[in-house]
Amino acid sequence: MAEAAYTVASDSETSLEEKSSCTFPETTVGIDIGTSQCRVAIWNGSQVEILKNSRNQKMMSSYVTFKDGTPSN
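Numbering-wise, the sequence shown is residues 21 to 93 according to the working numbering.
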């Protein structure tokens, strides 16, 4: 069997210098999904921004209902 081409280190084996040099993606998305409502936020490199929907609302329905094949609330 071929040997793995990578090594995995646990947190206890990683030096503080290695931990501090980790880079994060430029944009990170977070989703809070509740039973009836949800929010979506992004990290834009300097702060968290909660996104708004097309109705300028930060809270959105966690579900979509359809009436006659058309989404409705």
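Every residue gets a Cβ at the ideal spot worked out from N, C-alpha and C, and that includes glycine. Fair warning: this is a prediction, and the values are worked out from it, not measured in the lab.
Which residue from the options puts its Cα closest to that of residue i?
i: E46; options: Q57, T55, I62 and G54; result: I62
i: M80; options: P91, F86 and K72; result: K72
i: T55; options: R75, G89, V84 and T90; result: V84
Taking just the CA atoms, how far does residue j sit from residue i?
i: V68; j: S92; result: 30 Å
i: I51; j: K78; result: 12 Å
i: C58; j: S82; result: 6 Å
i: S66; j: R75; result: 26 Å
i: G89; j: I70; result: 30 Å
i: K87; j: N64; result: 37 Å
Might you give, ordered along the chain, the residues of its own chain that have their beta carbon closer than 6 Å to the beta carbon of residue i, omitting 5 neighbours on each side?
i: V49; result: I62
Can you give me the Cβ contacts of residue i inside the same chain, cut-off strictly under 7 Å, excluding the 5 residues immediately before and after it?
i: I53; result: S82
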